[in-house]
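Okay, structure first, notes after.
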Amino acid sequence: MTAPLFDSHMHTPLCGHATGAPREYAQAALDAGLAGICFTDHMPMPAWYDAPWRMRRDQLAQYVADVQDAQAEFAGRLEVRLGLEADFHPGTERYVEEVLGAHPWDYVIGSVHYIGAWGFDNPEFIAEYDSRDLGGLYRDYYALAEGAAKSGLFDSIGHLDLPKKFGHRDPDGYAALHALDVIAERGLALDFNTAGWRKPVAEAYPAPDLTRAAAERGIPFVLGSDAHTPQEVGHRFTEAIKQIHDVGGRIVTYQGRVRHG
């Protein structure tokens, strides 16, 4: 029996860089034949961290209410769940823990968007890649991904090989495999993120070789489009499912922070 298909990575306008009301994402999922969705908007962080790209702390209640409205409207037709995309940034763990304790979330993605002060996935700062050693960059990045896995705060690790977004690929791959060992040891899942197919690298996160390596370690995958518009919901899920199944991988969802599938 095929597991019900969910899109478990999507945003709302509260993050400041997405468009479309939650009900529009839900309708798009229904139109695409999905069984459910989980909203995972960018969670509040300390005021000094990444402020233009996430909801403020005083908007958290509005986010919860907006998703609950969509849950009520689509009840019986589409399962609508409430999650967050959280950030792992050393020094902010206590703040993140506090926000995660503020509501009974269904699913929490742990993502690394910064190496030190550099927002490496922001197109505005792409020139910084030219002055970085790629091998060192990826070692630093995967050390942070391991920190996220070890923190105990998250259910999955978001877009595992994100630094490749603009085409700067990992020159060796050993740090990625070590990070996968830690993710497996900690019992986390991976966000299988189809947004990479919409980026310059034109490849989902994780790459096919890392998808295989994760599956070999028994790490399951949570499908997510990383939709920032309703039109992106379920983006290229057929190909995602094939990439996962071709290597014997397993697709799961989360509800009440409990894994299903």
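Be aware that the sequence shown starts at 1, since it is given in UniProt numbering, and climbs by one per residue.
Note that CB positions come from ideal geometry on N, CA and C, so glycine has one too.
- Around P208, the same chain offers Q243 as residues with beta carbons nearer than 7 Å, after the five sequence neighbours per side are excluded.
- By the C-beta criterion, the stretch 100-119 is judged not to be in contact with the stretch 69-78, since fewer than 3 inter-stretch pairs fall below 8 Å.
- In the DSSP assignment, Q255 falls within the unbroken beta strand (DSSP E) covering 253-255.
- Partner residues in a beta bridge of I183, as assigned by DSSP, do not exist.
- When the beta-carbon positions are compared, Y63 and D41 come within less than 7 Å of each other.
- Around the beta carbon of V112, a 10 Å sphere encloses 16 or more other beta carbons of the protein chains shown; the residue is thus reported as buried.
- Residue pairing for V222: DSSP places it in a beta bridge opposite D191.
- In the three-state reduction of the DSSP assignment, D121 falls in the coil class, being assigned neither a helical nor a strand state.
- Collapsing the DSSP output to three states places R81 in a strand.
- In its chain, beyond the 5 residues on either side, P123, I126, Y129, K199, P200, V201 have a beta carbon closer than 8 Å to the beta carbon of F166.
- For F39, DSSP records a beta bridge to L82.
- Here DSSP, grouped into helix, strand and coil, assigns H178 to helix.
- When the five nearest sequence neighbours on each side are left out, the beta carbons in the same chain lying within less than 8 Å of the beta carbon of L190 are those of S156, I157, L160, I183, P206, A214, I219, P220, F221, V222, in order along the chain.
- For R94, no beta strand (DSSP E) segment is defined; the enclosing uninterrupted segment is the alpha helix (DSSP H) at 93-100.
- Under the DSSP definition of a beta bridge, S8 lacks any partner.
- E98 and A227 have their alpha carbons spaced roughly 26 Å apart.
- D133 and D87 have their C-alpha atoms some 24 Å from each other.
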